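Visitor:
In this note's numbering, the protein residues as written are 15 to 199.
(1) Pick out whichever of 194, 166, 192 and 196 has its Cα sitting closest to the Cα of residue 182.
(2) If I follow the unbroken alpha helix (DSSP H) through residue 108, where does it start and stop?
(3) Quick check: what's the CA-CA separation for residue 178 versus residue 105?
(4) For the candidate residues 193, 72 and 92, whose alpha-carbon lies nearest to that of residue 129?
(5) Taking the alpha carbon of residue 41 as the point to measure from, which residue in 59, 133, 122 and 103 has its own alpha carbon closest?
(6) Can you list, in chain order, the residues of its chain whose CB lies under 8 Å from that of residue 140, leaving out five sequence neighbours each side?
(7) How would you label residue 125, buried or exposed, when you count the other beta carbons within 10 angstroms and need 16 or more for buried?
(8) Hey, out of 131, 132 and 107, whose CA is closest to residue 150's CA?
(9) On the CB-based measure, 16 or more other CB atoms within 10 Å of its CB, does residue 146 come out buried or exposed?
(10) From 168, 152, 171 and 170, pick the residue whose C-alpha is nearest to that of residue 162; which is it?
(11) Taking the alpha-carbon of residue 185 as reference, which of 96, 114, 65 and 98 has the nearest alpha-carbon?
(12) Do the CB positions of residue 93 and residue 80 come within less than 7 Å of each other?
(13) Nearest-angstrom Cα distance between residue 35 and residue 61?
(14) Please list, in chain order, all residues of the same chain as residue 175 whose beta carbon is under 8 Å from its beta carbon, the five residues on each side excluded.
(15) Could you give the distance in angstroms between the alpha-carbon of residue 168 and the alpha-carbon of residue 48?
(16) Please return the same chain residues whose Cβ sits closer than 8 Å to the Cβ of residue 170, not counting the five positions on each side in sequence.
(17) Is residue 184 helix, strand or coil when you go by DSSP?
What follows is the structure, given as structure tokens:
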């Protein structure tokens, strides 16, 4: 599946997502994007290939803005306490799994433990471990201040880890929800 990000939208197979920021493409998709007649204004790629170098040499700065390298990466050095930055996610999530009404889940505990492992590997693959740590901090802060939040919505309810953390109240294992509905690789 090719994901094209331009202007303020991401075109996926089944929907468009809106975002703020530079337009980005994988370098292997950028020339196809340009050939479709799309502007290169504000366009970034994950790396500059020989084909992109050639394109940049040929375009006039008056006609089009050159393709830039430098997709912005997430800056996850958010202002959260050090204890959350150092949090061992495996230990934390296993503790949450054991604390989550264990008698109710004895039949499918192995399935739930496997789901935790699978999802954690996916979050790690997508470099989202610090996002999980930040979410844990936010949820713990909300709980300590007795702030009420929603029961969950959208594809995030497909994440069993977010359920264990307390982001939402939908048990994605019980409803057999696929994590890839929320996190795509």
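Note that the Cβ used here is the ideal one computed from N, Cα and C, for glycine as well. What you are looking at is a predicted structure, and each value in this text was computed from that prediction instead of being measured.
Guide: If we stick to the structure as given:
(1) 166
(2) 103–113
(3) 13 Å
(4) 193
(5) 59
(6) 197 and 199
(7) exposed
(8) 107
(9) buried
(10) 152
(11) 114
(12) no
(13) In this prediction, residue 35 scores a pLDDT of 47, lower than 50, which makes its location untrustworthy; the coordinate-derived value is nonetheless stated afterwards. Cα to Cα, the separation comes out at about 18 Å.
(14) 107, 130, 133, 134, 137 and 146
(15) 33 Å
(16) 176, 181, 182 and 196
(17) coil
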